[in-house]
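Colleague: Residue numbers (the numbering used here): 150 to 510.
Think of the CB as a built atom: it goes at the ideal place given N, C-alpha and C, for glycine as much as any other residue.
Only a predicted model underlies this, so the values are computations on that prediction, with no experimental measurement involved.
Pasting a structure here, questions to come.
The following block contains the structure:
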């Protein structure tokens, strides 16, 4: 009998769901036991359900091809065959909230890739290297939901991971103001160039809701646990512009930052080089050994060359310079569907298993 935890993927036919399928193939701790999607896909094998829709450059793993897709709305049925679920669905926010809570109330942990619950006070929004302590609110959440084992934990917006880790390593210097512009890949919209030919040779200077997320979610990541809730931080002041650019994967950010205690360039580089978080301490399977990699070359990091660093789970930084208006400026890069989406969620699940929050049913 397999000792691996049984994972369900709710929303398994979409682009992020496909990434979950890819990343869990051969995972040392988890195996895909169930895939659920809309009623239109239910009853088909997974291979049939994604026929003509498979967006990744690796083939569908053999282990999941013949799994019969379940109806995601049949919560008890899906939850009954798994120890926990990953959720990446395309629905209205209120519908997602209700669906995820329904799964949690069955005693099933939910690791969500959706934005619906990112501001629910007792639901942790986690970048495992940065705020693993926020999972402490799960106990309060369980009481509210009336469950002993179920809960919801969410992954933050994909684009903030291109610059928040670099800033997080510098929190001791108390950043006061941050200006960030993100240049975001089309896979962040769940599309490729076949789906979205208008993006060829084009830049679109607007991504709906993205700038508010990019300005506010870091403050929740840097917030504190008080009375069983997350209270967001009051600083730094962050302003952003978010732009869609014609690349397949990888979100790049240009960042300007000022600090209450201005560090030297050498101090910044040392903090980036030496930064380790809980996943590195625990040696979690998906954790990058080097979380932040700095490139000395003037033309790096580049999206195409560097998005896959540390299997797509590392963050790249370059072009650190003093600035005439702010203290420093730099460029950051992260892989939006690996570190930023499915890979980040798998890392959260690994952290929660290691800390005892996810267990066999």
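Decide if the stretch 338 to 345 is in contact with the stretch 276 to 291; the criterion is three or more beta carbon pairs, one per stretch, under 8 Å apart.
Modeller: Because the criterion of three Cβ pairs below 8 Å is not met, the stretch 338 to 345 and the stretch 276 to 291 do not touch.
Colleague: Could you tell me which of 322, 251, 314, 436 sits nearest to residue 482, measuring between CA atoms?
Modeller: The shortest Cα separation from residue 482 among 322, 251, 314, 436 belongs to 314.
Colleague: Is the separation between the beta-carbon of residue 311 and that of residue 402 shorter than 8 Å?
Modeller: Yes, the pair counts as a contact, with Cβ atoms nearer than the cut-off.
Colleague: Where does residue 169 sit, in a helix, a strand or coil, going by DSSP?
Modeller: In this structure, residue 169 counts as helix in the three-state DSSP scheme.
Colleague: Count Cβ pairs between the stretch 455 to 465 and the stretch 402 to 413 that sit closer than 8 Å; are there 3 or more?
Modeller: As far as the Cβ criterion goes, the stretch 455 to 465 does not touch the stretch 402 to 413, which means the pair count is below three.
Colleague: For residue 102, does the count of other Cβ atoms within 10 angstroms reach 16, so buried, or fall short, so exposed?
Modeller: It is not possible to answer for residue 102, since the shown part of the chain is limited to 150 through 510.
Colleague: Let me know the beta strand (DSSP E) ranges lying completely inside the stretch 313 to 339, each 3 residues or longer, listed in chain order.
Modeller: Runs found: 324 to 333.
Colleague: Is the stretch 186 to 193 in contact with the stretch 355 to 375, if contact means three or more CB pairs nearer than 8 Å?
Modeller: Cβ pair count under 8 Å is below three, so no.
Colleague: Report the option in 200, 214, 258, 203 whose CA atom is closest to the CA atom of residue 174.
Modeller: Minimum Cα distance to residue 174 is reached at 214.
Colleague: In its own chain, which residues sit with a C-beta less than 6 Å from the C-beta of residue 158, not counting the 5 before and 5 after it?
Modeller: Correct list, in chain order: 166, 169, 184, 235.
Colleague: Using 8 Å as the Cβ pair cut-off and three pairs as the minimum, do the stretch 378 to 385 and the stretch 295 to 310 touch?
Modeller: With the cut-off at 8 Å, the stretch 378 to 385 and the stretch 295 to 310 do not touch.
Colleague: Rounded to whole angstroms, what is the Cα-Cα separation between residue 468 and residue 449?
Modeller: Distance between the alpha carbons of residue 468 and residue 449 is about 7 Å.
Colleague: Pick out the complete alpha helix (DSSP H) segments inside the stretch 216 to 273, 4 residues or longer, and give them in chain order.
Modeller: Listed in chain order, they are 224 to 228, 242 to 254.
Colleague: Using 8 Å as the threshold, is the C-beta distance between residue 200 and residue 333 below it?
Modeller: No, Cβ-Cβ distance for residue 200 and residue 333 is not below 8 Å.
Colleague: Per DSSP, what are the beta-bridge partners of residue 482 in this structure?
Modeller: Its beta-bridge partners are 401, 465.
Colleague: Quick one: what's residue 290 bridged to in DSSP?
Modeller: Beta-bridge pairing links residue 290 to no other residue.
Colleague: In chain order, which beta strand (DSSP E) runs of at least 3 residues are fully inside the stretch 336 to 381?
Modeller: Entirely contained in the stretch 336 to 381, the beta strand (DSSP E) runs reaching 3 residues are, in chain order, 373 to 375, 378 to 380.
Colleague: Tell me residue 183's beta-bridge partners as DSSP assigns them.
Modeller: Beta-bridge pairing links residue 183 to 157.
Colleague: From residue 202 to residue 326, what distance separates their C-alpha atoms?
Modeller: One C-alpha to the other measures close to 43 Å.
Colleague: Name the two residues that bound the continuous beta strand (DSSP E) containing residue 390.
Modeller: Segment 386 to 393, the beta strand (DSSP E) holding residue 390.
Colleague: In chain order, what residues of the same chain lie with their CB nearer than 7 Å to the CB of residue 372, ignoring the 5 residues before and after it?
Modeller: Result list for residue 372: 379, 380, 381, 382, in chain order.
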